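**Student:** If you're matching positions, the sequence shown starts at 141 in my numbering and goes up one per residue.
Just so you know, even glycine gets a beta-carbon here, dropped at the ideal spot from N, CA and C.
If you're wondering where the values come from, they're calculated on a predicted model, not measured in any experiment.
Pasting in a structure now, in structure tokens, and then I'll have a few things to ask.
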Amino acid sequence: MLWILIGVMAAVTAVCLLDSWYERYHFRVIRETVASPKIGPAFDGYKVVMLSDLHNNSFGEENERLLSAIDRLKPDAVMIAGDMIVAKGVHSLKVPLHLIGELAKKYPVYYANGNHETRMREEREIYGSQYEEYTAELKKLGVHLLIDESVTVCRGEDRLGISGLELDKYLYKGLGKAVMEDGYMDKKLGAADERDFHILLAHSPLYFEEYAAWGADLVFAGHFHGGTIRIPFLGGVMTPNYMFFPQYDAGTYRQFGSVMVLSSGLGTHSINIRLNNRPQLICVELKRERRERTKG
Ligand SMILES: [Fe+2]
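Right, dumping it as structure tokens:
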């Protein structure tokens, strides 16, 4: 009886490992629509491909499958919510640089740092000048590196604000949400311009309420890798920093008068497992929403 049990457990483990290996290299395309009266007619139908947490993963040789899928979506812009690299031990930067380089030839690319980019910059005793080399390459490629910076894209009178927030390390620490100090968002990014439909690239989803209060109409986040293993009806089990059943794991959240699109990411690190949790290539289409006219 014991041997049968051991045999069944070994078979289940083998199936799970095989499935996890398959999932890690087969992404899913997720399409989402975000509507707002703040989206001007010139940005009605504007398509954003959102990438996060690639962590050096490659879908086919030199990410050819990912690049083809992005081309088929015909985006107006590519927005990156951080962690394209792995800063846990020294790794090559070739994979993300090649992918982003190919994208930047065709599309405007906006990039905000995740905790791995921040770590690479701050731990010089391990990474030396890798961060400076990486960001210098990105700038050479024409990438809009938004490190606590904002840009406005104008089409006639219609405006799209895009901000990239780099969260300080204390906001990633612990097994839950830390307390974001008062005025933090304003200090980092200045006040959000009320004329803009404002997109915020912010790696951690934990501070959605604070992002919305600052003025983000649409937030792109990642970081939690969908919770590693997803259980139907319960969602993601565990984040890479060992937070169990997180409040936000993956998907689109409409709260606080804002929308957050949270990606399961495209790669893994440390816990190289994905079960019922395929990597995600996300495409968001902006739609102009007409204001209801009140009868008077
Ligand atoms: Fe992260």
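Under DSSP, the beta strand (DSSP E) around Phe337 begins and ends at which residues?
**Tutor:** Start at 1 with the first residue of the sequence shown, and residue 337 comes out as number 197. First-last of the beta strand (DSSP E) with Phe337: Phe337 to Ala342.
**Student:** Taking only the alpha-carbon atoms, compute the straight-line gap between Gly436 and Arg295 and give it to the nearest angstrom.
**Tutor:** Counting from one through the sequence shown, the residue named residue 436 turns up at place 296. Counting from one through the sequence shown, the residue named residue 295 turns up at place 155. In this prediction, Gly436 scores a pLDDT of 45, lower than 50, which makes its location untrustworthy; the coordinate-derived value is nonetheless stated afterwards. In a straight line, the C-alpha of Gly436 is about 33 angstroms away from that of Arg295.
**Student:** Within the region 312-388, note down every full alpha helix (DSSP H) run reaching 4 residues or more, in order along the chain.
**Tutor:** 324-329 and 348-354, all fully within the region 312-388.
**Student:** Mind listing, in chain order, the continuous beta strand (DSSP E) runs of no fewer than 3 residues lying wholly within the region 221-283?
**Tutor:** Complete beta strand (DSSP E) runs here, min 3: 249-251.
**Student:** Considering only heavy atoms of ligand 1, does any lie closer than 7 angstroms to the CB of Asn255?
**Tutor:** By 1-based counting over the sequence shown, the position of residue 255 is 115. Flag set: Cβ of Asn255 near ligand 1.
**Student:** Measure the CB-CB distance between Asn416 and Ile369 and report whether it falls below 8 angstroms.
**Tutor:** Within the sequence shown, the letter at position 276 stands for residue 416. Within the sequence shown, the letter at position 229 stands for residue 369. In contact: Asn416 and Ile369 (Cβ atoms closer than 8 angstroms).
**Student:** Just to confirm the assignment, what range does the beta strand (DSSP E) spanning Arg171 have?
**Tutor:** If you number the sequence shown from 1, residue 171 lands on position 31. Arg168 to Ser176 is the span of the beta strand (DSSP E), which, as asked, contains Arg171.
**Student:** Give a single yes or no on whether His231 has its beta carbon closer than 7 angstroms to a heavy atom of ligand 1.
**Tutor:** Position 91 of the sequence shown, counted from the start, is the residue given in the question as residue 231. Not so, every heavy atom of ligand 1 lies at least 7 angstroms from the Cβ.
**Student:** Buried or exposed for His166, going by 16 or more other Cβ atoms inside 10 Å?
**Tutor:** The residue given as residue 166 occupies position 26 in the sequence shown. Exposed: under 16 other Cβ atoms inside 10 Å.
**Student:** DSSP three-state label for Leu213, please.
**Tutor:** Numbered from 1 along the sequence shown, position 73 holds the residue referred to as residue 213. Looking at Leu213 - three-state DSSP - the assignment turns out to be helix.
**Student:** Between the C-alpha atoms of Cys423 and Tyr312, what's the straight-line distance to the nearest angstrom?
**Tutor:** Working through the sequence shown from its first residue, we reach residue 423 at position 283. Working through the sequence shown from its first residue, we reach residue 312 at position 172. Cα-Cα distance, rounded: 26 angstroms.
**Student:** Between the beta-carbon of Ala227 and the beta-carbon of Leu341, is there less than 8 angstroms?
**Tutor:** If you number the sequence shown from 1, residue 227 lands on position 87. If you number the sequence shown from 1, residue 341 lands on position 201. In this structure, Leu341 does not lie closer than 8 angstroms to Ala227 by Cβ.
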